[in-house]
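So the sequence shown is numbered by my numbering: it starts at 397 and just counts up by one.
C-beta atoms are modelled at their ideal positions from N, C-alpha and C, and glycine is treated no differently.
Below is one structure, written out as C-alpha cells, with a few remarks after it.
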Amino acid sequence: MYSFVCILNSARPLSTTATRRDISDLVPTPITHYSEVETAMQEAVQKFANDVILPKVRDMDEAETMDPSVVEQLFEQGLMGIEIPEEYGGAGMNFTSAIVGIEELARVDPSVSVMVDVHNTLVNTAVLKWGSAALKKKYLPKLATSTVGSFCLSEPVSGSDAFALATKAVETEHGYKISGSKMWITNSMEAEFFIVFANLAPEKGYRGITAFVVDKGMKGFEIAKKEKKLGIKASSTCVLNFDDVEVPKENLLGEVGHGYKYAIALLNEGRIGIGAQMTGLALGAWENAVRYVWNDRKQFGQLVGEFQGMQHQIAQSYVEISAARALVYNAARKKEAGEDFVRDAAMAKLYASQVAGRVSSLAVEWMGGMGFVREGLAEKFFRDSKIGAIYEGTSNIQ
Ligand SMILES: Cc1cc2nc3c(=O)[nH]c(=O)nc-3n(C[C@H](O)[C@H](O)[C@H](O)COP(=O)(O)OP(=O)(O)OC[C@H]3O[C@@H](n4cnc5c(N)ncnc54)[C@H](O)[C@@H]3O)c2cc1C
C-alpha cells in the first residue's frame with residue numbers, strides 16, 4: 397500500500413556510479429527541494445513510519461528489541477535496497493532518496509532509522525562499490541529483500557583509532573581464516589551478513605587491513621554479548637567473536653590491503669546518513685513537543701505554547717533544524733554530483749548531532765513533567781540524540 401515500487405522506473409541510481417561530471421549548466425535549485433522520486437520516497441516513508449512503526453516505538457524501546465515484523469516490512473517497502481539496482485531486486489534509487497528515507501524514519505524512530513542507514517549506506521554500498529560480480533550476484537538480491545547486514549570495524553582496542561584493529565586474517569589453502577573480536581556492531585542481532593575488517597599483513601600496519609564477507613552460519617562466528625544502552629535501544633549493538641572463522645576466497649571484498657580505504661570512504665558517506673538521522677530526530681522531537689504546547693497544555697488560562705518566552709525557543713530551534721538540514725542535503729547533493737563532499741559530510745553530522753541534542757533536550761522542558769515521563773516520546777528522542785556525536789566518527793575525530 398505504501399510501496400514505492402511504482403516509482404522505480406523513474407528512479408536514477410546516481411550515487412553508485414558517481415564520478416565528477418560537468419554540472420556548470422545545471423540551474424541551481426533550493427538544496428532541500430526534492431525530485432519527484434525523492435518526494436515519493438518522503439511521502440511513502442512518512443506514511444509507513446506513522447502507520448506501522450509509531451504504534452510500536454514505545455514497546456520496542458522498553459523491550460530493547462526490534463520487532464521482527466518491522467524488519468520484514470522494511471524489506472517489503474524496498475527500504476533495505478534503496479540504491480541496489482533493479483537487476484538485483486533493489487529499488488534502484490539515488491543516494492539522496494536514501495537520505496530522505498533515513499530522515500523520515502528518524503522522525504518517528506531513530507532506532508529503525510539507523511538499521512536502514514547502516515544497511516544501505518555502509519553495507520550495500522560496500523558490496524556495490526567493491527564486490528566482485530560473483531559476490532554481487534550472490535548477496536545483493538538477499539540484501540535487497542531479506543538479509544540484514546552489519547559493518548564490523550570497531551573493536552575493544554580500536555574505536556577512534558580504527559586502523560589499530562587487532563582482528564587478524566591469515567591466508568589458507570581455500571581462502572582466509574579470521575580471528576578476533578568486534579565491538580558495538582549495529583544490526584548484529586538481526587544480521588546474517590557481516591562485512592568484517594581484519595589485518596591480513598600486520599607487518600604492513602594499516603595497509604594490511606582487508607575487508608571480508610562473513611555469513612552468520614560460518615563456524616567460529618559468535619554473538620558474544622548484546623549491549624544495554626542509553627538510547628536507540630531497539631537497535632541491536634553487540635560484541636562479536638571470530639574464532640578462526642574460515643571464509644572462502646570469493647568472500648574477499650575488493651582488494652587485499654584496501655580495507656582502510658574502503659572504511660574511510662564508507663564512513664565519509666555514512667556520516668551524511670547519520671546527519672539525516674539526527675535532523676529527522678530533531679524534527680520529530682520538535683513536532684512532538686510543539687503539538688502538545690500548542691494544542692493540549694494550558695497554564696495561567698492559556699496554551700503554554702502561546703507564551704512569548706516559549707515561542708522564542710520554539711522558533712530558534714526550528715531555525716537550527718533548518719540549518720542542519722541544509723548542511724545534510726548539501727552534502728548529499730555534492731556527493732551525487734561527484735564533488736568532494738568529505739568536509740560537508742563531517743560538518744553535517746557534527747552540527748546535526750548538536751542540534752538534535754539541543755532541540756530534544758528543550759523539547760523535554762517544553763513538555764514539563766509530561767516530557768520527562770516514559771509515556772510519550774520526548775524523553776526517548778532526548779536519549780536517542782546522544783549517539784549522533786559518537787558513532788561513525790566522534791565529533792572530535794571526524
Ligand atoms: C550504539 C553504537 C553503535 C555502533 N555501531 C557500530 C557499527 O555498526 N560498526 C562499527 O564498526 N562500530 C560501531 N560503533 C562504534 C563507534 O563507531 C565507536 O564507539 C566510535 O568510533 C568511538 O570509539 P570509542 O567508543 O572507542 O571511543 P574512543 O575512541 O575511546 O574515544 C573516547 C573519547 O576520546 C576522544 N578522542 C579519541 N581520540 C581523540 C583524538 N585523537 N583527538 C581528540 N579526541 C579524541 C573521542 O572523541 C571520545 O570523546 C557503534 C557504537 C555505538 C555506541
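Distance cut-off 8 Å: Tyr787 Cβ against heavy atoms of ligand 1: Within the sequence shown, residue 787 is the residue found at index 391, counting from 1. At least one heavy atom of ligand 1 is nearer than 8 Å to the Cβ of Tyr787, so yes.
message: Can you tell me whether Gln794 is helix, strand or coil according to DSSP?
response: Within the sequence shown, numbered from 1, the residue matching residue 794 stands at position 398. It is coil, neither helix nor strand.
- prompt: According to the neighbour-count rule (16 or more other Cβ atoms, all chains shown, within 10 Å of its Cβ), is Ala459 buried or exposed?
  reply: Position 63 of the sequence shown holds residue 459. Of the other Cβ atoms in all chains shown, fewer than 16 fall within 10 Å of the Cβ of Ala459; this residue is therefore exposed.
field: Other residues of its chain near Leu404: CB distance less than 7 Å, five sequence neighbours each side excluded
entry: Start at 1 with the first residue of the sequence shown, and residue 404 comes out as number 8. With a pLDDT of 41 at Leu404, under the threshold of 50, the modelled position of this residue cannot be trusted; read the value that follows with caution. Excluding positions up to five away in sequence, the list reads Glu482, Ala487, Gly488.
- request: Within 10 angstroms of the Cβ of Pro506, are there 16 or more other Cβ atoms? Answer buried if so, exposed if not.
  value: Indexing the sequence shown from 1 puts residue 506 at position 110. Looking at its Cβ environment, which holds 16 or more other Cβ atoms inside 10 Å, Pro506 is buried.
Contact set for Phe590: own chain, Cβ-Cβ below 6 Å, skip 5 residues either direction: For the purposes of this step, residue 590 is identified with residue 194 of the sequence shown, where counting begins at 1. Taken in chain order, the residues that qualify are Ser546, Cys548, Val610.
- prompt: Can you give the Cα-Cα distance for Lys730 and His515, rounded to whole angstroms?
  reply: The residue labelled residue 730 in the question sits at position 334 within the sequence shown. The residue labelled residue 515 in the question sits at position 119 within the sequence shown. Their Cα atoms are separated by approximately 22 Å.
- request: Can you tell me which of Asn691, Gln750, Asn664 puts its alpha carbon nearest to the alpha carbon of Ala720?
  value: Start at 1 with the first residue of the sequence shown, and residue 720 comes out as number 324. Comparing Cα positions, the closest option is Gln750.
- prompt: Expressed to the nearest angstrom, what Euclidean distance is found between the alpha-carbon atoms of Val689 and Trp762?
  reply: Position 293 of the sequence shown, counted from the first residue, corresponds to residue 689. Position 366 of the sequence shown, counted from the first residue, corresponds to residue 762. Approximately 7 Å, taken between the alpha carbons.
message: Based on DSSP bridge pairs, tell me the residues matched to Ile581.
response: Start at 1 with the first residue of the sequence shown, and residue 581 comes out as number 185. Cys634.
- request: Consider the C-beta atom of Lys625 and the heavy atoms of ligand 1; say whether any pair is separated by less than 8 Å.
  value: Position 229 of the sequence shown, counted from the first residue, corresponds to residue 625. The answer is yes for Lys625.
Own chain residues within Cβ distance below 8 Å of Leu531, not counting five before or after: Taking the sequence shown and counting its residues from 1, one reaches residue 531 at position 135. Only Val523, Val609, Glu646, Asn647, Leu649 meet the Cβ criterion.
message: One question on the structure: do Phe737 and Ile793 come within less than 9 Å of each other, judged by their Cβ atoms?
response: Along the sequence shown, one-based indexing puts residue 737 at 341. Along the sequence shown, one-based indexing puts residue 793 at 397. Result no, Cβ atoms of Phe737 and Ile793 do not sit closer than 9 Å.
query: Beta carbon of Ile605: closer than 8 Å to some heavy atom of ligand 3?
result: Ligand 3 is absent from the structure shown, which contains only ligand 1.
- request: Assign Ile605 to one of three DSSP states: helix, strand, or coil.
  value: Start at 1 with the first residue of the sequence shown, and residue 605 comes out as number 209. Strand, per DSSP.
- prompt: Just the Cα atoms here: how many angstroms apart are Val510 and Ile670?
  reply: In the sequence shown, counting from the first residue as 1, residue 510 sits at position 114. In the sequence shown, counting from the first residue as 1, residue 670 sits at position 274. Approximately 8 Å, taken between the alpha carbons.
Status (buried if at least 16 other CB within 10 Å, exposed otherwise) for Val715: On the sequence shown, residue 715 is found 319 positions in, with the first residue counted as 1. With fewer than 16 other CB atoms across the displayed protein chains lying within 10 angstroms of its CB, Val715 is exposed.
- request: Please report how far the alpha carbon of Ser431 lies from the alpha carbon of Val466, in whole angstroms.
  value: Taking the sequence shown and counting its residues from 1, the one referred to as residue 431 is at position 35. Taking the sequence shown and counting its residues from 1, the one referred to as residue 466 is at position 70. In a straight line, the C-alpha of Ser431 is about 27 Å away from that of Val466.
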